[in-house]
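Student: First to last, the protein sequences are chains A and B. Numbering of the first sequence is given in the working numbering, commencing with residue 2 and proceeding in unit increments. Numbering of the second sequence is given in the working numbering, commencing with residue 2 and proceeding in unit increments. Ideal placement from N, C-alpha and C gives every residue a C-beta, glycine not left out.
Protein chains: 2
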Amino acid sequence: MTHIVILGCGFGGLEAAKALASADVSITLIDRSNHHLFQPLLYQVATAGLSAPAIAAPIRHIFAHQRNLTTLMGTVTDIDVAQRLVMLEDGAKLTYDYLIVATGATHSYFGRDEWAAVAPGIKTLDDAFEVRRRTLLAFERAERENDATQSAPWLTFAVIGGGATGVEMAGTMAEIARHTLHGEFRRIDSRQARVVLLEGNDRVLPPFPPDLSEKARKQLEKLGVEVRTSCRVTAIDADGLTFTSAQGEERLVAKTVIWAAGVAASPLGKSLGVALDRAGRVPVEPDLSIAGHPEVYVVGDLAAATSDGKPVPGVSPAAKQMGRTAARNILRRLRNQPVEIFRYRDYGSLATIGRKAAVAMLGKVKFSGFSAWLFWLFVHIYFLIGFRNRLMVMADWAWAYMTFQRSARIVTGADGRESKTAAIKRQSEM
Amino acid sequence: MTHIVILGCGFGGLEAAKALASADVSITLIDRSNHHLFQPLLYQVATAGLSAPAIAAPIRHIFAHQRNLTTLMGTVTDIDVAQRLVMLEDGAKLTYDYLIVATGATHSYFGRDEWAAVAPGIKTLDDAFEVRRRTLLAFERAERENDATQSAPWLTFAVIGGGATGVEMAGTMAEIARHTLHGEFRRIDSRQARVVLLEGNDRVLPPFPPDLSEKARKQLEKLGVEVRTSCRVTAIDADGLTFTSAQGEERLVAKTVIWAAGVAASPLGKSLGVALDRAGRVPVEPDLSIAGHPEVYVVGDLAAATSDGKPVPGVSPAAKQMGRTAARNILRRLRNQPVEIFRYRDYGSLATIGRKAAVAMLGKVKFSGFSAWLFWLFVHIYFLIGFRNRLMVMADWAWAYMTFQRSARIVTGADGRESKTAAIKRQSEM
Numbered sequence: 002m003t004h005i006v007i008l009g010c011g012f013g014g015l016e017a018a019k020a021l022a023s024a025d026v027s028i029t030l031i032d033r034s035n036h037h038l039f040q041p042l043l044y045q046v047a048t049a050g051l052s053a054p055a056i057a058a059p060i061r062h063i064f065a066h067q068r069n070l071t072t073l074m075g076t077v078t079d080i081d082v083a084q085r086l087v088m089l090e091d092g093a094k095l096t097y098d099y100l101i102v103a104t105g106a107t108h109s110y111f112g113r114d115e116w117a118a119v120a121p122g123i124k125t126l127d128d129a130f131e132v133r134r135r136t137l138l139a140f141e142r143a144e145r146e147n148d149a150t151q152s153a154p155w156l157t158f159a160v161i162g163g164g165a166t167g168v169e170m171a172g173t174m175a176e177i178a179r180h181t182l183h184g185e186f187r188r189i190d191s192r193q194a195r196v197v198l199l200e201g202n203d204r205v206l207p208p209f210p211p212d213l214s215e216k217a218r219k220q221l222e223k224l225g226v227e228v229r230t231s232c233r234v235t236a237i238d239a240d241g242l243t244f245t246s247a248q249g250e251e252r253l254v255a256k257t258v259i260w261a262a263g264v265a266a267s268p269l270g271k272s273l274g275v276a277l278d279r280a281g282r283v284p285v286e287p288d289l290s291i292a293g294h295p296e297v298y299v300v301g302d303l304a305a306a307t308s309d310g311k312p313v314p315g316v317s318p319a320a321k322q323m324g325r326t327a328a329r330n331i332l333r334r335l336r337n338q339p340v341e342i343f344r345y346r347d348y349g350s351l352a353t354i355g356r357k358a359a360v361a362m363l364g365k366v367k368f369s370g371f372s373a374w375l376f377w378l379f380v381h382i383y384f385l386i387g388f389r390n391r392l393m394v395m396a397d398w399a400w401a402y403m404t405f406q407r408s409a410r411i412v413t414g415a416d417g418r419e420s421k422t423a424a425i426k427r428q429s430e431m
Numbered sequence: 002m003t004h005i006v007i008l009g010c011g012f013g014g015l016e017a018a019k020a021l022a023s024a025d026v027s028i029t030l031i032d033r034s035n036h037h038l039f040q041p042l043l044y045q046v047a048t049a050g051l052s053a054p055a056i057a058a059p060i061r062h063i064f065a066h067q068r069n070l071t072t073l074m075g076t077v078t079d080i081d082v083a084q085r086l087v088m089l090e091d092g093a094k095l096t097y098d099y100l101i102v103a104t105g106a107t108h109s110y111f112g113r114d115e116w117a118a119v120a121p122g123i124k125t126l127d128d129a130f131e132v133r134r135r136t137l138l139a140f141e142r143a144e145r146e147n148d149a150t151q152s153a154p155w156l157t158f159a160v161i162g163g164g165a166t167g168v169e170m171a172g173t174m175a176e177i178a179r180h181t182l183h184g185e186f187r188r189i190d191s192r193q194a195r196v197v198l199l200e201g202n203d204r205v206l207p208p209f210p211p212d213l214s215e216k217a218r219k220q221l222e223k224l225g226v227e228v229r230t231s232c233r234v235t236a237i238d239a240d241g242l243t244f245t246s247a248q249g250e251e252r253l254v255a256k257t258v259i260w261a262a263g264v265a266a267s268p269l270g271k272s273l274g275v276a277l278d279r280a281g282r283v284p285v286e287p288d289l290s291i292a293g294h295p296e297v298y299v300v301g302d303l304a305a306a307t308s309d310g311k312p313v314p315g316v317s318p319a320a321k322q323m324g325r326t327a328a329r330n331i332l333r334r335l336r337n338q339p340v341e342i343f344r345y346r347d348y349g350s351l352a353t354i355g356r357k358a359a360v361a362m363l364g365k366v367k368f369s370g371f372s373a374w375l376f377w378l379f380v381h382i383y384f385l386i387g388f389r390n391r392l393m394v395m396a397d398w399a400w401a402y403m404t405f406q407r408s409a410r411i412v413t414g415a416d417g418r419e420s421k422t423a424a425i426k427r428q429s430e431m
């Protein structure tokens, strides 16, 4: 039987696998983690609004009833397209007749990997926990300081990158400081916290039209965020960051720095034997296969695809559409039918900013503020995987909306309460 | 103004702080973590039934409106009862007029601390995540093995300790294998997993009467747990454990071992300058203060208290009652009134075993099975902190009951999907 291997269960891999549900093939779906992550809401986990299980579904459970599919949790280290082999970390090898590579992208520090330790990004659940931990602990530390000079650095939060993730993070962090934590401290006033958003371009949300960027900026400022555009970060350390702007070089003292800039394609692209583009993405043919290998497809953020001559953006609807097209093209080849050319259908762009604040663009229709926020809410709950998660997220959000409270304000790990196991391990390692 | 310092926000510390809500005093509540943990349901986090935020509430939020109380997140390293000083990890010192020590207990490996790495216990949220991770990953590993000989050790789960926690863990793990995961694997049959519960005594749940222990054993066996009593574990390693029983020495090959035996009092008891009991607990006077220091109270699992000549058990109702008594006695001393003698009111004992299985003893009334399980459910939801958490837990459980699904089957951390930050940190450390 034809064996199709799918690497990665993000939006692209998930949709490809589903599109093959009724095909007479055997599918192996490999992912490093045991869950599909609804990444558009990951910032909500980072800002303590949602618990991890609310936005993650076990892959194995999603496909429990798709009998032609086997889920394997494992890390793929290499692909041999000549021999049609996929190599796993533990030495296991899998052969394939068709391969769909959907391993996506992670965040990139533009060659400054030392910044990772002082400015965590937000791409996985563990990243989100780390950001949540740092943010909540910063307020705790501030409360322990004796004067405002010492607490101010702990009450300054910098978000680098004014794209969708940075804007969401900054808006929500301002909301936490002004509303969620207000009244819970005795020595500090959480509302005095500064949230500074730094963007390299001359406006936030660069993929949006300038008037919506301007609306986003106004909404951010209303929420209490200081927006700095045309800024280039040159250094980050444990006490803050240095950046250059039109005003020259500036120093921002901030104990918490969040990285929401820069994306790099999955390193697995390198093993496909084709020349990658500048961002490390894999150029694909109009049918989404790679040159010379009609049995290898690349979809999602890892693919440098074009549609009607324009580059396809790295967004989840594009990844889903590519996943479905790749699956259909494999079935067409199996039936000796001509393949389908990928065409990206752009349904619009949406970015949320915070409570009752968002911007939206549907075709030529642009709107912002409360109506855009309601629309964003509806779309995200609708697309969230699994009936149960939708219900739970709705309950969480309804509660948060009414009370300003956030349900997941729990610090665990390193600086939280250490487990006995961890403590003993640490001692025995020392 | 009189300054009362409370160390620890478990059940004892929490109740003491609440009981002082309307007093004209100033209270500082110090805890290592930012949340109060509803420990009786921690096994549900470990077995993927609940998310962490469902059973943990931010301490700061609980006391937002209690204006006489300041919450500090910090680790206390020492107490100087002569000078009335509490020392924190960061060098800060706090003076007190009255002190309530409620730092509880953690799990103990009876001097075999090397077992911590191979047999995690369940006392903090991080512990619970570690157990959840190991359990879920064991099934994933089993699915990747090629034959039953290799997958069997991954499908064998040992729980050491047949007290309430061990019984809950074993029962729930059997339920996961038989129901939750059934049908989601292609190479293994999750129902073939073995869950072995090992207890040193001749029966499980030793604090209960023998007939209820027997009922618990029967219910466990019905759920698919192998119950082994009168067993003494002599060695644990990464591949399993060795124990002696009436049949002599036996070896159990099991890749996952959970530690639910042995409790040790908080090491802070040592700094109080009184002779501790064998379990490291602090003997207290009838009013719960320590000998020679009527201004220092010890409550909860750290206290070796007696009531009507009988030792007070280390259970949450006792901790809550002690917390309230200590608070009242401080207020009595401030008013120069005679102190109150602590008397433990035993409302009964309850232990859950799994779906529709539990044992209960209320005074002389004993019952088990479905009715005990319903009663357990009601009691735990009722006492769970915070109105919102109660609703969320009820929703989770109603869902789990109807569908056999568990909502928190998400693996994060070490062997889950590694974050970019963690990967870079690791590389730069290597």
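Would you mind giving the Cβ-Cβ distance between A292 of chain B and V313 of chain B, rounded to the nearest angstrom? I have them listed as a contact below 8 Å.
Tutor: Translated into positions along the second sequence, residue 292 of chain B becomes position 291. Translated into positions along the second sequence, residue 313 of chain B becomes position 312. The beta-carbon distance between A292 of chain B and V313 of chain B, rounded to whole angstroms, is 17 Å. This is too long to meet the 8 Å contact definition.
Student: Any beta carbon from chain A within less than 8 Å of K421 of chain B's own beta carbon?
Tutor: Within the second sequence, residue 421 of chain B is the residue found at index 420, counting from 1. Confidence in K421 of chain B is poor, its pLDDT being 45 and thus under 50, which makes the residue's placement too unreliable to answer from.
Student: Taking the beta strand (DSSP E) that S27 of chain A belongs to, which residues open and close that run?
Tutor: To locate residue 27 of chain A, count along the first sequence from 1; it is residue 26. In the DSSP assignment, S27 of chain A falls within the beta strand (DSSP E) that extends over 27-32.
Student: So L432 of chain B contacts chain A; which residues on that side make the cut at Cβ distance below 9 Å?
Tutor: The first residue shown for chain B is 2 and the last is 431, placing residue 432 of chain B beyond what the model contains.
Student: A149 of chain B versus chain A: which residues are under 8 Å apart at the beta carbon?
Tutor: Sequence index remark: in the second sequence, residue 149 of chain B carries index 148 (1-based). Result: empty, since nearest Cβ-Cβ is about 17 Å, beyond 8 Å.
Student: By alpha-carbon positions, which one of A:S272, A:V297, A:A358, A:T104 ends up nearest to I80 of chain A?
Tutor: Here residue 80 of chain A corresponds to residue number 79 of the first sequence, with the count starting at 1. When only C-alpha atoms are compared, the closest one is A:S272.
Student: So, for M431 of chain A: in the same chain, excluding its five sequence neighbours on each side, which residues have a beta-carbon less than 6 Å away from its beta-carbon?
Tutor: Residue 431 of chain A sits at position 430 when you count from the first residue of the first sequence. Low local confidence applies: a pLDDT of 31 at M431 of chain A is under 50, so the model's placement there is unreliable, and no value is given.
Student: Could I get the ranges of all uninterrupted alpha helix (DSSP H) runs contained in the segment 21-80 of chain B, with 4 residues as the minimum, in chain order?
Tutor: 43-47, 60-63
Student: Applying the criterion that 16 or more other CB atoms from any shown protein chain within 10 Å of the CB defines a buried residue, is S372 of chain B buried or exposed?
Tutor: Sequence index remark: in the second sequence, residue 372 of chain B carries index 371 (1-based). In summary, S372 of chain B is exposed, with fewer than 16 beta-carbon neighbours lying within 10 Å of its beta-carbon over all protein chains present.
Student: Shorter than 8 Å from the beta carbon of A47 of chain A to some beta carbon of chain B?
Tutor: Here residue 47 of chain A refers to the residue found at position 46 when the first sequence is read from its first residue. No, its Cβ sits nowhere closer than 8 Å to a Cβ of chain B.
Student: Looking at the C-beta of F39 of chain B, does it have a partner C-beta in chain A at a distance below 8 Å?
Tutor: Residue 39 of chain B sits at position 38 when you count from the first residue of the second sequence. Not one chain A Cβ lies under 8 Å of F39 of chain B.
Student: Could you round the C-beta distance between F209 of chain A and M362 of chain A to whole angstroms and report it? I think they count as a contact, below 8 Å.
Tutor: Residue 209 of chain A sits at position 208 when you count from the first residue of the first sequence. Residue 362 of chain A sits at position 361 when you count from the first residue of the first sequence. Rounded to whole angstroms, the Cβ separation of F209 of chain A and M362 of chain A is 6 Å, and the two are in contact under 8 Å.
Student: Does any C-beta atom of chain A lie closer than 8 Å to the C-beta of V412 of chain B?
Tutor: For the purposes of this step, residue 412 of chain B is identified with residue 411 of the second sequence, where counting begins at 1. V412 of chain B counts as touching chain A.
Student: Look at the Cβ atom of V196 of chain B, then the Cβ atom of T230 of chain B, and state whether they are nearer than 8 Å.
Tutor: As a position in the second sequence, residue 196 of chain B is number 195, starting the count at 1. As a position in the second sequence, residue 230 of chain B is number 229, starting the count at 1. The answer is no: Cβ separation not under 8 Å.
Student: Considering only residues of the same chain and omitting the five flanking positions on each side of W116 of chain B, which have a CB-CB separation below 6 Å?
Tutor: The residue you call residue 116 of chain B lines up with position 115 of the second sequence. Contacts found: Y110, I237.
Student: Check the Cβ of F130 of chain A against every Cβ in chain B and list those closer than 8 Å, keeping chain order.
Tutor: The sequence position of residue 130 of chain A within the first sequence is 129, counting from 1. Neighbours of F130 of chain A on chain B, chain order: T413.
Student: Which residue wins for smallest C-alpha separation from V6 of chain A, given the options A:G324, A:S369, A:F158, A:D98?
Tutor: Position 5 of the first sequence, counted from the start, is the residue given in the question as residue 6 of chain A. When each option's Cα is compared against that of V6 of chain A, the closest is A:D98.
Student: Looking at the unbroken beta strand (DSSP E) that takes in P295 of chain A, where does it start and where does it end?
Tutor: Within the first sequence, numbered from 1, the residue matching residue 295 of chain A stands at position 294. Segment 294-299, the beta strand (DSSP E) holding P295 of chain A.
Student: Going by C-alpha to C-alpha distance, which of B:G315, B:N202, B:R188 sits closest to A247 of chain B?
Tutor: Translated into positions along the second sequence, residue 247 of chain B becomes position 246. It is B:N202.
Student: Within 8 Å of any Cβ in chain A, is that where the Cβ of E176 of chain B sits?
Tutor: By 1-based counting over the second sequence, the position of residue 176 of chain B is 175. No, E176 of chain B lies away from the interface with chain A (no Cβ there is under 8 Å from its Cβ).
Student: Going by CA-CA distance only, name the one from B:I259, B:W260, B:L277 that's closest to A266 of chain B.
Tutor: Your numbering for residue 266 of chain B matches position 265 in the second sequence. For the residues B:I259, B:W260, B:L277, the minimum Cα distance to A266 of chain B belongs to B:L277.
Student: Can T72 of chain B and I60 of chain B be called in contact, C-beta distance under 8 Å?
Tutor: Position 71 of the second sequence, counted from the first residue, corresponds to residue 72 of chain B. Position 59 of the second sequence, counted from the first residue, corresponds to residue 60 of chain B. Going by C-beta atoms, T72 of chain B is nearer than 8 Å to I60 of chain B.
Student: If you count every other CB in all the chains shown that lies within 10 Å of the CB of A93 of chain A, and 16 or more means buried, which is it?
Tutor: What you label residue 93 of chain A is simply residue 92 of the first sequence in a count that begins at 1. Per the 10 Å Cβ criterion, exposed.
Student: For I259 of chain B, list the residues DSSP reports as bridge partners.
Tutor: For the purposes of this step, residue 259 of chain B is identified with residue 258 of the second sequence, where counting begins at 1. Beta-bridge pairing links I259 of chain B to B:V160.
Student: Could you tell me how far apart the beta carbons of T48 of chain A and T173 of chain A are, in whole angstroms, since I believe they sit closer than 8 Å?
Tutor: Taking the first residue of the first sequence as position 1, residue 48 of chain A is located at position 47. Taking the first residue of the first sequence as position 1, residue 173 of chain A is located at position 172. About 4 Å; that satisfies the 8 Å criterion.
Student: For M2 of chain B, which option in B:T104, B:R85, B:V26 has the closest C-alpha, if you only look at C-alpha atoms?
Tutor: Your numbering for residue 2 of chain B matches position 1 in the second sequence. For M2 of chain B, the nearest C-alpha among the options comes from B:V26.
Student: Roughly how many angstroms separate the alpha carbons of E176 of chain A and W155 of chain A, rounded to a whole number?
Tutor: Residue 176 of chain A sits at position 175 when you count from the first residue of the first sequence. Residue 155 of chain A sits at position 154 when you count from the first residue of the first sequence. Spanning the two alpha carbons is a distance of roughly 17 Å.
Student: Any Cβ of chain B within less than 8 Å of the Cβ of G184 of chain A?
Tutor: Position 183 of the first sequence, counted from the start, is the residue given in the question as residue 184 of chain A. Interface residue, yes.
Student: Check whether the segment 283-300 of chain A touches the segment 180-193 of chain A, counting contact only when three or more Cβ pairs, one atom from each stretch, lie closer than 8 Å.
Tutor: At 8 Å Cβ cutoff, the stretches do not touch.
Student: Grab me the residues of A327 of chain A's own chain with a C-beta within less than 7 Å of its C-beta, minus the 5 sequence neighbours each way, in chain order.
Tutor: Taking the first residue of the first sequence as position 1, residue 327 of chain A is located at position 326. Once the five neighbours on either side are set aside, the close Cβ partners of A327 of chain A are A17, I101, L289, Y298, V300.
Student: Candidates A:I331, A:I342, A:Q338: which alpha carbon is nearest D309 of chain A's?
Tutor: Numbered from its first residue, the first sequence carries residue 309 of chain A at position 308. It is A:I342.
Student: Relative to the C-alpha of G162 of chain A, which candidate in A:V234, A:L213, A:K124, A:I382 has its C-alpha closest?
Tutor: Residue 162 of chain A sits at position 161 when you count from the first residue of the first sequence. G162 of chain A has its Cα closest to that of A:V234, out of A:V234, A:L213, A:K124, A:I382.
Student: Can a CB atom of chain B be found closer than 8 Å to the CB of S34 of chain A?
Tutor: In the first sequence, counting from the first residue as 1, residue 34 of chain A sits at position 33. Judged by the 8 Å Cβ criterion, S34 of chain A is in contact with chain B.
Student: To test your reading of the DSSP string, which unbroken beta strand (DSSP E) runs of 3 or more residues are found completely within the segment 307-378 of chain A?
Tutor: Entirely contained in the segment 307-378 of chain A, the beta strand (DSSP E) runs reaching 3 residues are, in chain order, 350-355, 358-363, 366-369.
Student: Indicate whether at least one CB of chain B lies closer than 8 Å to the CB of H294 of chain A.
Tutor: Position 293 of the first sequence, counted from the first residue, corresponds to residue 294 of chain A. Using a Cβ-Cβ cut-off of 8 Å, H294 of chain A does not count as an interface residue toward chain B, since no Cβ of chain B sits closer than that to its own.
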